[in-house]
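J.: Numbering (the numbering used here), first residue to last: 93 to 334.
A single structure is presented below for examination.
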Amino acid sequence: MSTRTLPYEPARAALDIAVLCLALALPSAIAWGLDSRTLHGVNIWIKPLKFHLSFGLHWLTIACLLQALGQRAASAKSLQWWLRIGGLATVAEVLYITLQAARGRASHFNFSTPLESVLYFALMGGAAVLIMLATIWVGWLLWRHAEPAQRRSGLWLGAVLGLIVGSIVTLLVTAPLASGAIDGPGHWVGGVRTDVAGLPIVGWSTTGGDLRGPHFFGTHLLQFLPLVGWVADRSGSSAPRR
Numbered sequence: 093m094s095t096r097t098l099p100y101e102p103a104r105a106a107l108d109i110a111v112l113c114l115a116l117a118l119p120s121a122i123a124w125g126l127d128s129r130t131l132h133g134v135n136i137w138i139k140p141l142k143f144h145l146s147f148g149l150h151w152l153t154i155a156c157l158l159q160a161l162g163q164r165a166a167s168a169k170s171l172q173w174w175l176r177i178g179g180l181a182t183v184a185e186v187l188y189i190t191l192q193a194a195r196g197r198a199s200h201f202n203f204s205t206p207l208e209s210v211l212y213f214a215l216m217g218g219a220a221v222l223i224m225l226a227t228i229w230v231g232w233l234l235w236r237h238a239e240p241a242q243r244r245s246g247l248w249l250g251a252v253l254g255l256i257v258g259s260i261v262t263l264l265v266t267a268p269l270a271s272g273a274i275d276g277p278g279h280w281v282g283g284v285r286t287d288v289a290g291l292p293i294v295g296w297s298t299t300g301g302d303l304r305g306p307h308f309f310g311t312h313l314l315q316f317l318p319l320v321g322w323v324a325d326r327s328g329s330s331a332p333r334r
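Written out as structure tokens, the structure is:
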């Protein structure tokens, strides 16, 4: 019996990562309702739930952009490698965050034990860098392999800028955030070092600065800029011609 290797589909690979992250959000949400333990004043399952949803959205966006724009880039061997690297890094990070929540321990800014210090910098930090590098590479390939018609598209420009610029901004914000260079360790800048009574939904500090704000906006340029480009395309196509 002969076997046939199915063609590698980058958009499907990115979608698989997104589905895994979003699937993990359900048990985290259930645990939030059942487990009353807190960390920094908020339920211990809020952080993994946010990360599951955020990573799910991240990879779902990449899947959509590859499906819409990545037909020529799909054949690049480097795309397969970087999607695998980014996917494995994502799985490692979300599993560690989930495990630490289950143990009642912090996953970020945790230097309580030598092992947790190493895992924070090597696993969490390394995984974050690899995920952003994979995202940058997707943007580079979409730019390099774009068809002439795509280069006149606002969606294409927004996708390339969102993938590359958004990832670079995220890395630039993550470096001082992770190292504690700005009023660290932690995400607070001045104010009370607790997450109690934070802003609705996002939970950012209301008593001082919070580095999670710029991190959020940098990360979600990936969704915002392609959306702006898509709206511009739609507006241009629907504008009356004279």
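Backbone N, C-alpha and C fix where the C-beta goes; we use that ideal spot for every residue, glycine too.
Given this structure, state the Cα-to-Cα distance separating V261 from L253, to the nearest angstrom.
T.: In the sequence shown, residue 261 corresponds to position 169, counting from 1. In the sequence shown, residue 253 corresponds to position 161, counting from 1. Near 11 Å, if we compare the C-alpha coordinates of L253 and V261.
J.: For the 8 Å Cβ check, are there 3 or more pairs between the segment 310-325 and the segment 244-252?
T.: Yes, they touch.
J.: Rounded to the nearest angstrom, how far is the Cβ of P206 from that of V265, given a contact under 8 Å?
T.: Working through the sequence shown from its first residue, we reach residue 206 at position 114. Working through the sequence shown from its first residue, we reach residue 265 at position 173. The pair is not a contact, with the Cβ atoms about 27 Å apart (cut-off 8 Å).
J.: Helix, strand or coil: which one does DSSP assign to L211?
T.: Stepping through the sequence shown from its first residue, residue 211 is reached at position 119. L211 falls in the helix class under three-state DSSP.
J.: Any idea what DSSP makes of L291, helix, strand or coil?
T.: The residue given as residue 291 occupies position 199 in the sequence shown. In the structure shown, L291 sits in coil (DSSP, three-state: anything other than H, G, I, E or B).
J.: Below 6 Å CB to CB, which residues in the same chain sit around G250 once its five sequence neighbours on both sides are set aside?
T.: Here residue 250 corresponds to residue number 158 of the sequence shown, with the count starting at 1. The residues are L317, P318, V320 and G321.
J.: In this structure, does DSSP put G148 in helix, strand or coil?
T.: As a position in the sequence shown, residue 148 is number 56, starting the count at 1. Helix.
J.: Does DSSP put G258 in a helix, a strand or coil?
T.: For the purposes of this step, residue 258 is identified with residue 166 of the sequence shown, where counting begins at 1. Here G258 sits in helix by DSSP.
J.: Less than 7 Å between C-beta atoms, sequence neighbours within five positions excluded: which residues of the same chain meet that for M93?
T.: What you label residue 93 is simply residue 1 of the sequence shown in a count that begins at 1. Low per-residue confidence applies at M93: pLDDT is 40, beneath 50, and the placement is therefore not dependable enough to give any value.
J.: Taking 7 Å as the threshold (C-beta atoms), are G258 and A226 in contact?
T.: Locating residue 226 in the sequence shown gives position 134, counting from the first residue. Locating residue 258 in the sequence shown gives position 166, counting from the first residue. Going by C-beta atoms, A226 is not nearer than 7 Å to G258.
J.: Do A181 and I136 count as a contact pair if the criterion is CB distance below 7 Å?
T.: Numbered from its first residue, the sequence shown carries residue 136 at position 44. Numbered from its first residue, the sequence shown carries residue 181 at position 89. For I136 and A181, no; Cβs fall outside 7 Å.
J.: Rounded to whole angstroms, what's the CA-CA distance from I122 to L175? Just pull it up for me.
T.: What you label residue 122 is simply residue 30 of the sequence shown in a count that begins at 1. What you label residue 175 is simply residue 83 of the sequence shown in a count that begins at 1. Spanning the two alpha carbons is a distance of roughly 30 Å.
J.: Are the beta-carbon atoms of A110 and W151 separated by less than 7 Å?
T.: Position 18 of the sequence shown, counted from the start, is the residue given in the question as residue 110. Position 59 of the sequence shown, counted from the start, is the residue given in the question as residue 151. In contact: A110 and W151 (Cβ atoms closer than 7 Å).
J.: Have a look at T153 and L314 and give me their C-alpha separation to the nearest angstrom.
T.: One-based indexing of the sequence shown puts residue 153 at position 61. One-based indexing of the sequence shown puts residue 314 at position 222. Using only the alpha carbons, I get a separation of about 8 Å.
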